[in-house]
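2 protein chains.
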Amino acid sequence: MEYKTVSLADQVFERLEADILGGKYQRGETITELRLCGELGVSRTPVREALRRLSQEHLIEETPKGTVVMGISRKDFEDMCAIRIRIEGLAVRGFIENLTEEGIRELREAIDFQEFYLTRSDADHLRNMDSRFHETIYNRCGSTILRDTLAPLHKKVQKFRRQSMQERSRAVKSVEEHRAICEAIAAKDAPLAEALMARHVENALKNIIEKEL
Amino acid sequence: MEYKTVSLADQVFERLEADILGGKYQRGETITELRLCGELGVSRTPVREALRRLSQEHLIEETPKGTVVMGISRKDFEDMCAIRIRIEGLAVRGFIENLTEEGIRELREAIDFQEFYLTRSDADHLRNMDSRFHETIYNRCGSTILRDTLAPLHKKVQKFRRQSMQERSRAVKSVEEHRAICEAIAAKDAPLAEALMARHVENALKNIIEKEL
DNA sequence: TGCGGTACTTTTGTATACAATGATACTTAA
DNA sequence: TTAAGTATCATTGTATACAAAAGTACCGCA
Chain A
182 MEYKTVSLAD
192 QVFERLEADI
202 LGGKYQRGET
212 ITELRLCGEL
222 GVSRTPVREA
232 LRRLSQEHLI
242 EETPKGTVVM
252 GISRKDFEDM
262 CAIRIRIEGL
272 AVRGFIENLT
282 EEGIRELREA
292 IDFQEFYLTR
302 SDADHLRNMD
312 SRFHETIYNR
322 CGSTILRDTL
332 APLHKKVQKF
342 RRQSMQERSR
352 AVKSVEEHRA
362 ICEAIAAKDA
372 PLAEALMARH
382 VENALKNIIE
392 KEL
Chain B
182 MEYKTVSLAD
192 QVFERLEADI
202 LGGKYQRGET
212 ITELRLCGEL
222 GVSRTPVREA
232 LRRLSQEHLI
242 EETPKGTVVM
252 GISRKDFEDM
262 CAIRIRIEGL
272 AVRGFIENLT
282 EEGIRELREA
292 IDFQEFYLTR
302 SDADHLRNMD
312 SRFHETIYNR
322 CGSTILRDTL
332 APLHKKVQKF
342 RRQSMQERSR
352 AVKSVEEHRA
362 ICEAIAAKDA
372 PLAEALMARH
382 VENALKNIIE
392 KEL
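Residue numbers (our numbering), protein chains in the order written: chain A, 182 to 394; chain B, 182 to 394.
Written out as C-alpha cells, the structure reads:
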C-alpha cells in the first residue's frame, strides 16, 4: 500500500467538491472564505486554493457579489451524458489497444463487487464500484486528455444521479451492461465494446429522464 | 467597453498558461515557485494559485521532485482532435437552437477578419480570429458544460498548431470551411452544420499529421 | 420622519513569516 | 580517496498580517 501525504489544500478541495456535488451547499448559496475556514478548521490559504480549483471546474462562481455555489443542474446532467455518449467509446477503444491482464482483472473485480453490493442493496458502495469500473477504463485508455475530459464528467454525473434516487431495476441492468462491455473488451471486439458503452451511458440518461417526468 | 479588474492571480495564470502553451517553458522542465515569483514580480500567493489551476488543467504536474511542465504532446493533440470531432457538432447544434442575430453577426465578423488577415498574411491575428469563431459558438451554445469541455481543448489545439507552423493553403481552406459552417448555421440546417464542423476539425488534424510525416 | 454622510465591519487580494521536509555539499575519519 | 554524517540551503505547505474595496448600519441634520 502506498501512503501519500495529501496536503490540506487537496483535502479541502475534495471535501468541498463532495459537499457541493452532494448537495450540502445549495445551488445559489453564497459562501465566504472565512466561513469555510471555520467549518473546516484550516486557514485561508488552502481554502483559497481549493476555491480556485472549484471555480475552474465551475462548481462555484466568483461574482462581484461573492462566491456562489453552482452545483449541477438538470440540463448540465443531460449535457454531460450527451458528451459521454459520444466519447466514452473512445476511451474503451484506447483501453482495448492498451489491454493488459491487470486491466481486465480490475474491471472484473469492480463488476464482481457491484454484484455483491447489489445483493446487499448497498447503494453507496454500489456507486463506488460503478465509479471504479469507469475510472479503470479512463486510467488505462492511454490518453491523459481523454481521462481528464471524462473523469470529471463521470464524477458529476454520479453525484447527480445520487440525488435523484436510483431504483433497483436500473442498477441491475447497469451491472449487466458493465458485464457485457467487459466481455466485449476481453474479446478485443472494439466496435462492439464502443457501441455497448455508448448505449450504457444513454440508458443511464434515459432512466433519469423518465423518472423525472 | 467593459473594464474589469483582473486579479494578479488571474494574470499570472493566463501568462503562465500562454507561456507553457507557447513553448517558453519546455515540456519536462521543472519550475519552482520562487523562480516564477522573480520572473513575474509577484509574491508566492498568486503564483501558487495559478500553479494549482495549471495543475488542474494538467499543463503542469506536481511530482515529489518538483513541479514539472507538461505542455502538449503530439498524441495529446490527436486525442484532443478526436474528442472535438465527436462533440464540436453538439455545440453547433446548441448554437442553432439558441440562434440570435447577434450570434450570426459575431460569427460573420470573425470570418471577415480572418479573410482580411489572410490577405495580410498575418498569422497571429488570423489565429486569434479562428479562436473567436469557435469560442463564439461555445459561448452561445447554451451549455456551460459543453463550453467548459471544448474551450480548453480548442485553446490547446490552437497553440499546438502554432508550434508546428501553419501553411497558407490550409489557412485558406480553413476560412472557407468556417464560411460554409456559418452559412449552414444561418440556414438553421443543423445536420449539415454539425457534419461540416466535424469535417473541419478532422481536416485540421489531417493537415498536421501529414506535415509531420 | 426621511435623507445623507461617515465610520465600522466584512471580505477579499496580496505579501510575508514560519515550520517541516528533502536535497546538497562539505567535513572528517578510516 | 572514499564514505558517512552533519549542517546548511532550497522548496514547499500553512498561517497570518496588512491593505484596499465594498457593503452596512448608525447617527445627525433637515
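Backbone N, C-alpha and C fix where the C-beta goes; we use that ideal spot for every residue, glycine too.
C-beta contact flag for residue 271 of chain B and residue 263 of chain A at 7 Å
As a working note, residue 271 of chain B is residue 90 in the second sequence. As a working note, residue 263 of chain A is residue 82 in the first sequence. It is a contact, given that the beta carbons lie within the stated cut-off.
Can you grab the Cα-Cα spacing for the pair residue 185 of chain B / residue 242 of chain A, in whole Å?
Taking the second sequence and counting its residues from 1, one reaches residue 185 of chain B at position 4. Taking the first sequence and counting its residues from 1, one reaches residue 242 of chain A at position 61. Only weak support is given to the placement of residue 185 of chain B: the predicted model assigns it a pLDDT of 48, under 50, and the question is left unresolved by the model.
Note down, in chain order, every chain B residue with its Cβ under 7 Å from the Cβ of residue 237 of chain A.
Sequence index remark: in the first sequence, residue 237 of chain A carries index 56 (1-based). 234 and 237, listed in chain order.
Quick check on the burial criterion: 16 or more other C-beta atoms within 10 angstroms. Buried or exposed for residue 330 of chain A?
Walking along the first sequence from the start, residue 330 of chain A turns up at place 149. Classification of residue 330 of chain A: buried, given that the 10 Å Cβ count is 16 or more.
Contact set for residue 388 of chain A: own chain, Cβ-Cβ below 6 Å, skip 5 residues either direction:
As a position in the first sequence, residue 388 of chain A is number 207, starting the count at 1. The residues are 351.
Is the beta carbon of residue 287 of chain A sitting closer than 7 Å to the one on residue 317 of chain A?
For the purposes of this step, residue 287 of chain A is taken as the residue at position 106 of the first sequence. For the purposes of this step, residue 317 of chain A is taken as the residue at position 136 of the first sequence. Result yes, Cβ atoms of residue 287 of chain A and residue 317 of chain A sit closer than 7 Å.
In whole angstroms, what is the alpha-carbon distance linking residue 284 of chain A and residue 313 of chain A?
For the purposes of this step, residue 284 of chain A is taken as the residue at position 103 of the first sequence. For the purposes of this step, residue 313 of chain A is taken as the residue at position 132 of the first sequence. Those two C-alpha atoms are separated by around 12 Å.
Between residue 292 of chain A and residue 239 of chain A, is the Cβ-Cβ spacing less than 7 Å?
Start at 1 with the first residue of the first sequence, and residue 292 of chain A comes out as number 111. Start at 1 with the first residue of the first sequence, and residue 239 of chain A comes out as number 58. No, the Cβ-Cβ distance between residue 292 of chain A and residue 239 of chain A is not below 7 Å.
Taking Cβ positions, are residue 249 of chain A and residue 213 of chain A nearer each other than 7 Å?
Translated into positions along the first sequence, residue 249 of chain A becomes position 68. Translated into positions along the first sequence, residue 213 of chain A becomes position 32. The answer is no: Cβ separation not under 7 Å.
Would you tell me roughly how many angstroms separate the C-alpha atoms of residue 221 of chain B and residue 201 of chain B, rounded to the nearest one?
Against the second sequence, residue 221 of chain B aligns to sequence position 40. Against the second sequence, residue 201 of chain B aligns to sequence position 20. So the alpha carbons of these two residues sit roughly 14 Å apart.
In or out: residue 257 of chain B buried (at least 16 other Cβ within 10 Å) or exposed?
As a first step, residue 257 of chain B is located in the second sequence; it is residue number 76 there, counting from the start. That one is buried.
Determine which residues of the segment 316 to 331 of chain A have a Cβ less than 8 Å from any Cβ of chain B, and write them out in chain order.
324, 325, 326, 327, 329 and 330
What residues from chain B crowd round residue 268 of chain A, counting only those whose CB sits closer than 7 Å?
What you label residue 268 of chain A is simply residue 87 of the first sequence in a count that begins at 1. Going along chain B in sequence order, the residues near residue 268 of chain A (Cβ under 7 Å) are 264, 267 and 268.
When the Cα atoms are used, what is the spatial distance from residue 337 of chain B to residue 323 of chain A?
Taking the second sequence and counting its residues from 1, the one referred to as residue 337 of chain B is at position 156. Taking the first sequence and counting its residues from 1, the one referred to as residue 323 of chain A is at position 142. C-alpha separation (whole angstroms): 19 Å.
For residue 212 of chain A, list the residues DSSP reports as bridge partners.
Here residue 212 of chain A corresponds to residue number 31 of the first sequence, with the count starting at 1. Residue 212 of chain A pairs with A/248.
Name the residue from A/236, A/217, A/251 and A/340 whose alpha carbon lies nearest to the alpha carbon of residue 305 of chain A.
Against the first sequence, residue 305 of chain A aligns to sequence position 124. Cα-wise, what sits closest to residue 305 of chain A is A/340.
Three-state secondary structure (DSSP) at residue 241 of chain B?
Reading the second sequence from its first residue, position 60 is the one you call residue 241 of chain B. Residue state, collapsed to three classes: strand.
N-terminal and C-terminal residue of the alpha helix (DSSP H) that residue 223 of chain B is part of:
Here residue 223 of chain B refers to the residue found at position 42 when the second sequence is read from its first residue. Run containing residue 223 of chain B: none; DSSP gives neither H nor E here.
Short CB-CB distance (under 7 Å) between residue 220 of chain B and chain A
Along the second sequence, read from residue 1 onward, the residue named residue 220 of chain B stands at position 39. Closer than 7 Å: no.
Does any residue of chain B have a CB that is nearer than 7 Å to the CB of residue 391 of chain A?
The residue given as residue 391 of chain A occupies position 210 in the first sequence. With 7 Å as the cut-off, residue 391 of chain A does not count as an interface residue toward chain B.
The alpha helix (DSSP H) enclosing residue 280 of chain A, as first and last residue numbers
By one-based count along the first sequence, residue 280 of chain A stands at place 99. Per DSSP, residue 280 of chain A belongs to no alpha helix (DSSP H) and is neither H nor E.
Got a sec? Which residues, its chain only, sit under 8 Å from residue 385 of chain A by beta carbon, not counting five neighbours each side?
To locate residue 385 of chain A, count along the first sequence from 1; it is residue 204. Closer than 8 Å at Cβ, skipping near neighbours: 262, 338, 342, 351 and 355.
Residue 187 of chain B in three-state terms, based on DSSP:
Within the second sequence, the letter at position 6 stands for residue 187 of chain B. Note: residue 187 of chain B maps to coil in three-state DSSP.
Let me know if residue 168 of chain A comes out buried or exposed under the rule of 16 or more other beta-carbons within 10 Å of its beta-carbon.
A query on residue 168 of chain A cannot be resolved here, the shown segment of chain A reaching from 182 to 394 and no further.
So the candidates are B/225, B/320 and B/300; which of them puts its Cα closest to the Cα of residue 349 of chain B?
For the purposes of this step, residue 349 of chain B is taken as residue 168 along the second sequence, with counting starting at 1. The residue with the shortest Cα to Cα distance from residue 349 of chain B is B/300.
Please report the distance separating the alpha-carbon of residue 223 of chain B from that of residue 189 of chain B.
The residue labelled residue 223 of chain B in the question sits at position 42 within the second sequence. The residue labelled residue 189 of chain B in the question sits at position 8 within the second sequence. Between residue 223 of chain B and residue 189 of chain B, the C-alpha separation is close to 8 Å.
Under three-state DSSP, which class holds residue 379 of chain A?
Start at 1 with the first residue of the first sequence, and residue 379 of chain A comes out as number 198. The answer is helix: DSSP assigns residue 379 of chain A an H, G or I state.
Report buried or exposed for residue 374 of chain B, applying the criterion of at least 16 other Cβ atoms within 10 angstroms of its Cβ.
Stepping through the second sequence from its first residue, residue 374 of chain B is reached at position 193. So residue 374 of chain B ends up on the buried side.
Given that residue 378 of chain A touches chain B, what residues does it touch there, using C-beta distances under 9 Å?
Position 197 of the first sequence, counted from the first residue, corresponds to residue 378 of chain A. Chain B residues near residue 378 of chain A: none, gap ~13 Å exceeds 9 Å.
Skipping 5 residues on each side, what residues in its chain have a beta carbon closer than 8 Å to that of residue 319 of chain A?
Working through the first sequence from its first residue, we reach residue 319 of chain A at position 138. These residues qualify, in order along the chain: 272, 327, 328, 331, 332 and 335.
Measure the Cβ-Cβ separation of residue 233 of chain A and residue 195 of chain B and say whether it is below 7 Å.
By one-based count along the first sequence, residue 233 of chain A stands at place 52. By one-based count along the second sequence, residue 195 of chain B stands at place 14. Cβ atoms of residue 233 of chain A and residue 195 of chain B: not closer than 7 Å.
For residue 295 of chain B, the three-state DSSP class (helix, strand or coil)
By one-based count along the second sequence, residue 295 of chain B stands at place 114. Looking at residue 295 of chain B - three-state DSSP - the assignment turns out to be helix.
Using only the alpha-carbon positions, how far apart do residue 368 of chain B and residue 268 of chain B sit?
Residue mapping note: residue 368 of chain B aligns to position 187 of the second sequence, counting from 1. Residue mapping note: residue 268 of chain B aligns to position 87 of the second sequence, counting from 1. Near 21 Å, if we compare the C-alpha coordinates of residue 268 of chain B and residue 368 of chain B.
Around the Cβ of residue 297 of chain A, are there at least 16 other Cβ atoms within 10 angstroms (buried) or fewer (exposed)?
Within the first sequence, the letter at position 116 stands for residue 297 of chain A. By the neighbour-count rule (16 or more Cβ atoms within 10 Å), residue 297 of chain A is not buried but exposed.
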